[in-house]
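**Q**
Number of protein chains: 2
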Amino acid sequence: MPENSKKVPEVVINRLPRYYRYLGDLLSQGITKVSSTELSKKMGVTASQIRQDFNFFGGFGQQGYGYNIEYLYSEIAKILGLNDGNTMIIVGAGNLGHALANHAGFEKRGFKLVAIFDNSKDIIGKEINHIKVRDISELEDYLLNNRVDIGVLTVPNKAVHNIAYRLVEGGVKAILNFSYSELNLPDDISVENVHLSDPLMTLSYKLKRSKI
Amino acid sequence: MPENSKKVPEVVINRLPRYYRYLGDLLSQGITKVSSTELSKKMGVTASQIRQDFNFFGGFGQQGYGYNIEYLYSEIAKILGLNDGNTMIIVGAGNLGHALANHAGFEKRGFKLVAIFDNSKDIIGKEINHIKVRDISELEDYLLNNRVDIGVLTVPNKAVHNIAYRLVEGGVKAILNFSYSELNLPDDISVENVHLSDPLMTLSYKLKRSKI
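Taken in order, these protein sequences are the chains called A and B. Take 26 as the starting number for the first sequence in this note's numbering and just add one per residue. Take 26 as the starting number for the second sequence in this note's numbering and just add one per residue.
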């Protein structure tokens, strides 16, 4: 599927994982076709927006009464690079790092957790999801000898800049940052920040509205 | 600040927490004014989009070279209901529940964690962030005697529908769902779903693009 040469807007990129999840749900229910109208209801965007989104990637040819879900699902997987064998490491084996290391959804979507690092003597050497936690002092050595595509940062705020810098120095090109701190990294490094209090604030807004 | 009677689009609502966070960052750096152009660079939306967003809430009167950050910050806090004393409980005291119970950002934004529930004998009675984990069998009784605004669900997928139902029966109007399962709840219940693999998929996309 040839990708449109036009730059794909961030908001469209951010919808791709949601399309992918929703199509996966439909497939697991044995559904094989979906119309842009049905998709739009679920996604909370208009049907024309969905067609516009898909046109960035060649359109996926909606025919008759809908899209072929299996085809659409596998095409979006390709666009997202879910078949590329991306490897990831987690730095910070506290509760959140622990939870992420056990998150079944990552492996299911093609992300291979290859190492976990921490600086605490209490955790180093223990196994999480069959992976032994390494000493953070081994990070540079590990990056020199292993391909790591994505670094997941679940370290305290005060440590995050230093660790991010070390990952980038070691050749990691993508970082998933769970700390509150914004990272200042070179332009060729992709960063996604996860702010766990954002959805709580959204709920708070909706609660307030519903009371009016 | 009178809110525009027009329904605020979901996408605008979802930007409010980000505005709030960014303004808080600026304040903590001692900055007092910001232009819509500066805000727009940071937020990755156009300056005109920012003005449109703010117009839903009366506009916040940008004057001269920018917005008064302290005023804007406190107005957005009010709109988000962050001063409303929202109470929350966490159901599921595994690693993720544990991490969330210790998440400093929640309290900082006005969310008060009042109880934690689990069904495991190993965890019930233990303290997390000074809160004793209660037996899930006490949930109904607790909801009968305490106001709970938000329920945070960090239970396994197979348990999530039952627990969500029990929360709603007990009068909880807002749910933050960390499970993979979509909840089917009455229309007057606000639900936010957190899918931790979405930002990983976005990173994967960006990695793939950057290689081309």
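We treat Cβ as the ideally placed atom computed from N, Cα and C, and that holds for glycine. Every value quoted in this text rests on a predicted model; they were computed, and no experiment measured them.
Using the C-alpha atoms, what's the distance from residue 101 of chain A back to residue 201 of chain A?
**A** Looking up residue 201 of chain A in the first sequence gives position 176. Looking up residue 101 of chain A in the first sequence gives position 76. Spanning the two alpha carbons is a distance of roughly 21 Å.
**Q** How would you call residue 111 of chain A, buried or exposed, if buried means at least 16 neighbouring beta carbons within 10 angstroms?
**A** Counting from one through the first sequence, the residue named residue 111 of chain A turns up at place 86. It counts as buried.
**Q** Between the Cα of residue 236 of chain A and those of B:214, B:79, B:158, spot the shortest distance and give me the residue it belongs to.
**A** Here the question's residue 236 of chain A lines up with position 211 in the first sequence. Ranking B:214, B:79, B:158 by Cα distance to residue 236 of chain A puts B:214 first.
**Q** For the region 80-149 of chain A, list the beta strand (DSSP E) runs that are entirely contained and at least 3 residues long, ordered along the chain.
**A** The region 80-149 of chain A contains these whole beta strand (DSSP E) runs: 112-116, 137-143.
**Q** Which residue comes first and which comes last in the beta strand (DSSP E) that contains residue 217 of chain B?
**A** Your numbering for residue 217 of chain B matches position 192 in the second sequence. Residue 217 of chain B -> beta strand (DSSP E) spans 215-218.
**Q** Using a 10 Å radius around the Cβ and a threshold of 16 neighbouring Cβ atoms, would you call residue 172 of chain B buried or exposed?
**A** The sequence position of residue 172 of chain B within the second sequence is 147, counting from 1. The residue is exposed, with fewer than 16 neighbouring Cβ atoms inside 10 Å.
**Q** Going by DSSP, name the residue or residues bridged to residue 160 of chain A.
**A** Walking along the first sequence from the start, residue 160 of chain A turns up at place 135. Answer by DSSP bridge pairing, in chain order: A:143.
**Q** Could you give the distance in angstroms between the alpha-carbon of residue 229 of chain B and the alpha-carbon of residue 132 of chain A?
**A** Walking along the second sequence from the start, residue 229 of chain B turns up at place 204. Walking along the first sequence from the start, residue 132 of chain A turns up at place 107. For residue 229 of chain B and residue 132 of chain A, the distance between alpha carbons rounds to 13 Å.
**Q** Does residue 36 of chain B pass the burial test, meaning 16 or more other C-beta atoms within 10 Å, or should it be called exposed?
**A** Your numbering for residue 36 of chain B matches position 11 in the second sequence. That one is exposed.
**Q** Below 6 Å CB to CB, which residues in the same chain sit around residue 151 of chain A once its five sequence neighbours on both sides are set aside?
**A** Position 126 of the first sequence, counted from the start, is the residue given in the question as residue 151 of chain A. Around residue 151 of chain A: 158.
**Q** Classify residue 166 of chain A as buried or exposed, calling it buried when 16 or more other Cβ atoms lie within 10 Å of its own Cβ.
**A** Residue 166 of chain A sits at position 141 when you count from the first residue of the first sequence. Residue 166 of chain A comes out exposed.
**Q** Taking buried to mean at least 16 other C-beta atoms within 10 Å of its own C-beta, is residue 54 of chain B buried or exposed?
**A** Here residue 54 of chain B refers to the residue found at position 29 when the second sequence is read from its first residue. Counting Cβ neighbours within 10 Å, residue 54 of chain B comes out exposed, since fewer than 16 surround it.
**Q** To test your reading of the DSSP string, which unbroken beta strand (DSSP E) runs of 3 or more residues are found completely within the region 33-84 of chain A?
**A** Listed in chain order, there is nothing to give.
**Q** By the criterion of Cβ-Cβ separation under 8 Å, what are the contact partners of residue 120 of chain B in chain A?
**A** In the second sequence, counting from the first residue as 1, residue 120 of chain B sits at position 95. Per Cβ cutoff of 8 Å: 120, 121, 123, 124, 127.
**Q** So, does the CB of residue 83 of chain B fall closer than 8 Å to a CB anywhere in chain A?
**A** Taking the second sequence and counting its residues from 1, one reaches residue 83 of chain B at position 58. No, no contact with chain A.
**Q** Quick check on the burial criterion: 16 or more other C-beta atoms within 10 angstroms. Buried or exposed for residue 147 of chain A?
**A** Taking the first sequence and counting its residues from 1, the one referred to as residue 147 of chain A is at position 122. Label assigned to residue 147 of chain A: exposed.
**Q** Check the DSSP bridge columns for residue 194 of chain B and list the partner residues they point to.
**A** For the purposes of this step, residue 194 of chain B is taken as residue 169 along the second sequence, with counting starting at 1. For residue 194 of chain B, which the question treats as bridged, DSSP gives no partner whatsoever.
**Q** Considering only their Cβ atoms, is the gap separating residue 210 of chain A from residue 177 of chain A smaller than 8 Å?
**A** Numbered from its first residue, the first sequence carries residue 177 of chain A at position 152. Numbered from its first residue, the first sequence carries residue 210 of chain A at position 185. Cβ atoms of residue 177 of chain A and residue 210 of chain A: not closer than 8 Å.
**Q** Give a yes or no on whether 8 Å exceeds the smallest Cβ distance from residue 110 of chain B to chain A.
**A** Taking the first residue of the second sequence as position 1, residue 110 of chain B is located at position 85. No - not a single Cβ of chain A is within 8 Å of the one on residue 110 of chain B.
**Q** Please classify residue 155 of chain B as buried or exposed, where buried requires at least 16 neighbouring CB atoms within 10 angstroms.
**A** For this step, residue 155 of chain B is matched to residue 130 along the second sequence. Residue 155 of chain B should be labelled exposed.
**Q** Below 8 Å on C-beta distance, what does residue 79 of chain B contact in chain A?
**A** Within the second sequence, residue 79 of chain B is the residue found at index 54, counting from 1. The premise fails here: residue 79 of chain B is roughly 15 Å from chain A at the closest Cβ pair, so nothing lies under 8 Å.
**Q** For a contact defined as C-beta to C-beta under 7 Å, what are the partners of residue 227 of chain B on chain A?
**A** Here residue 227 of chain B corresponds to residue number 202 of the second sequence, with the count starting at 1. 38, 39, 42, 217, listed in chain order.
**Q** Residue 205 of chain B versus chain A: which residues are under 7 Å apart at the beta carbon?
**A** Taking the first residue of the second sequence as position 1, residue 205 of chain B is located at position 180. In chain order: 130.
**Q** Which of the three DSSP states is assigned to residue 188 of chain A in this structure?
**A** The residue labelled residue 188 of chain A in the question sits at position 163 within the first sequence. If DSSP states are grouped into helix, strand and coil, residue 188 of chain A belongs with the helices.
**Q** Can you give me the Cβ contacts of residue 218 of chain A inside the same chain, cut-off strictly under 6 Å, excluding the 5 residues immediately before and after it?
**A** Within the first sequence, the letter at position 193 stands for residue 218 of chain A. Result list for residue 218 of chain A: 202, in chain order.
**Q** From residue 141 of chain A to residue 48 of chain A, what does the alpha carbon distance come to, in whole angstroms?
**A** Within the first sequence, numbered from 1, the residue matching residue 141 of chain A stands at position 116. Within the first sequence, numbered from 1, the residue matching residue 48 of chain A stands at position 23. The straight-line gap from Cα to Cα measures roughly 31 Å.
**Q** Under 8 Å, with one C-beta from each stretch per pair, do the region 114-122 of chain A and the region 179-198 of chain A reach the 3-pair mark?
**A** With a cut-off of 8 Å, the region 179-198 of chain A and the region 114-122 of chain A count as touching, because enough Cβ pairs lie within range.
**Q** At the 8 Å Cβ level, is residue 155 of chain A part of the contact set with chain B, yes or no?
**A** Here the question's residue 155 of chain A lines up with position 130 in the first sequence. False, the Cβ-Cβ gap to chain B never drops below 8 Å.
**Q** Please name the residue, chosen from B:224, B:234, B:232, that lies closest to residue 40 of chain A on a Cα-to-Cα basis.
**A** Numbered from 1 along the first sequence, position 15 holds the residue referred to as residue 40 of chain A. Ranking B:224, B:234, B:232 by Cα distance to residue 40 of chain A puts B:224 first.
**Q** Apply the 10 Å Cβ neighbour rule to residue 29 of chain A and answer buried if 16 or more other Cβ atoms are within range, or exposed otherwise.
**A** As a position in the first sequence, residue 29 of chain A is number 4, starting the count at 1. Confidence in residue 29 of chain A is poor, its pLDDT being 49 and thus under 50, which makes the residue's placement too unreliable to answer from.
**Q** Report all residues from its chain with a CB closer than 6 Å to the CB of residue 27 of chain B; omit the five preceding and five following residues, and keep chain order.
**A** Taking the second sequence and counting its residues from 1, one reaches residue 27 of chain B at position 2. Because the pLDDT of residue 27 of chain B is 48, which lies under 50, any placement of that residue in the model is unreliable, and the question is left without a value.
**Q** When you compare only the Cα positions, how much space is there between residue 212 of chain B and residue 145 of chain A?
**A** Here residue 212 of chain B refers to the residue found at position 187 when the second sequence is read from its first residue. Here residue 145 of chain A refers to the residue found at position 120 when the first sequence is read from its first residue. Residue 212 of chain B and residue 145 of chain A: Cα-Cα distance of roughly 46 Å.
**Q** Could you name the residues of the region 65-77 of chain B whose beta carbon sits closer than 8 Å to any beta carbon of chain A, in the order they occur along the chain?
**A** Within the region 65-77 of chain B, the residues whose Cβ lies closer than 8 Å to some Cβ of chain A are 69, listed in chain order.
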